[in-house]
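Visitor: In full-length UniProt numbering, the protein residues as written are 1 to 281. First the structure, then my questions, so here it is.
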């Protein structure tokens, strides 16, 4: 099925071992509505990286529960018995390059350019500030892992100001974390994402042939949302991506203007393929 094909793609990007329990422990964000009072919350830049979990037992896992095979020297010194949630990060706008390094196992030296940026320690207990403190203590002096920078939110205008700063520098957006809530796996209102551009994930279910200047290559991707709504994505592709488009079964991120009354994305544009995301409906 398309879903199993997407799962296989995720496995290719990581490794063969699977731990399904990881999927349920990863905290996922809702979208901030721009109105809810987030004064006192912790804010940070939303990283354009690959979500990754350290299980405190010597293993790194993707958010879909597939093992990530990092070199021993990369993970050496990461804490035992302390889980860490973060992202493998190469830099702004370098997500695909990061995934390529993780996928390939014949060039381990390339991992030296990646950092494991940690934004939670789920089993440390307490509020987010306590969990970050535990992670910071555990990662002191580590070459390849660090705790993500957070700041205290002073209100809605502060969030908007910080968002502009990050986006002007080429960043994706912001993440906001509830200051007193315990860690919760799954999607919750304790973790909010803030972005100017709307985006979502979709499953590729087919290809439409191009016409005119795109004859002989991709015209549009036929896609399906988790809600079941189907639509086409026909813009945002490079020439190389039109020649070799995301396959059926792949998960993509696309950007759009708004949803119609029928909940169909208006003006969807391809952003990137997501081999680190498994399609569950």
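Positions of the beta carbon are idealized from the N, C-alpha and C atoms, including for glycine. Note that this is a predicted model, so its numbers are computed, not measured.
Straight-line CA distance for residue 2 to residue 277?
Guide: Its pLDDT being 39, under 50, residue 2 is placed unreliably by the model, and nothing is read from it.
Visitor: Got a sec, what are the start and stop residues for the beta strand (DSSP E) residue 261 sits in?
Guide: Unbroken run through residue 261: none, as it is neither H nor E.
Visitor: Measuring straight from C-alpha to C-alpha, what distance separates residue 18 and residue 66?
Guide: Approximately 5 Å, taken between the alpha carbons.
Visitor: Tell me which residue opens and which closes the alpha helix (DSSP H) that residue 163 is part of.
Guide: Unbroken alpha helix (DSSP H) run through residue 163: 156-168.
Visitor: Rank 41, 24 and 23 by C-alpha distance to the C-alpha of residue 194 and give the top, closest one.
Guide: Minimum Cα distance to residue 194 is reached at 41.
Visitor: Quick one: grab the DSSP three-state call for residue 2.
Guide: Because the pLDDT at residue 2 is just 39, under 50, the model does not fix this residue reliably, and the value given afterwards should be weighed accordingly. Looking at residue 2 - three-state DSSP - the assignment turns out to be helix.
Visitor: Please report how far the alpha carbon of residue 219 lies from the alpha carbon of residue 233, in whole angstroms.
Guide: Cα-Cα distance, rounded: 9 Å.
Visitor: Is it buried or exposed, residue 169, if we count other Cβ atoms within 10 angstroms and call 16 or more buried?
Guide: So residue 169 ends up on the exposed side.
Visitor: Would you check if the distance between the CB atom of residue 237 and the CB atom of residue 254 is smaller than 8 Å?
Guide: No, they are not a contact pair.
Visitor: Helix, strand or coil for residue 114 per DSSP?
Guide: Residue state, collapsed to three classes: coil.
Visitor: For residue 43, does the count of other Cβ atoms within 10 angstroms reach 16, so buried, or fall short, so exposed?
Guide: So residue 43 ends up on the buried side.
Visitor: List the DSSP bridge partners of residue 152.
Guide: Note: residue 152 sits in a beta bridge opposite 42.
Visitor: Determine the closest residue to residue 242 out of 210, 264, 150 and 230, with distance taken between C-alpha atoms.
Guide: That would be 210, whose Cα lies nearest to the Cα of residue 242.
Visitor: Please classify residue 60 as buried or exposed, where buried requires at least 16 neighbouring CB atoms within 10 angstroms.
Guide: Under this definition residue 60 is a buried residue.
Visitor: Could you give the distance in angstroms between the alpha-carbon of residue 173 and the alpha-carbon of residue 53?
Guide: Those two C-alpha atoms are separated by around 21 Å.
Visitor: Count the other C-beta atoms from every protein chain shown that fall within 10 angstroms of the C-beta of residue 260, then say buried if there are 16 or more, exposed otherwise.
Guide: Classification of residue 260: exposed, given that the 10 Å Cβ count is below 16.
Visitor: Give a yes or no on whether the C-beta atoms belonging to residue 188 and residue 167 are separated by under 8 Å.
Guide: It is not a contact, given that the beta carbons lie outside the stated cut-off.
Visitor: For the stretch 135-149 against the stretch 73-82, are there 3 or more C-beta pairs whose distance is under 8 Å?
Guide: As far as the Cβ criterion goes, the stretch 135-149 touches the stretch 73-82, which means the pair count is three or higher.
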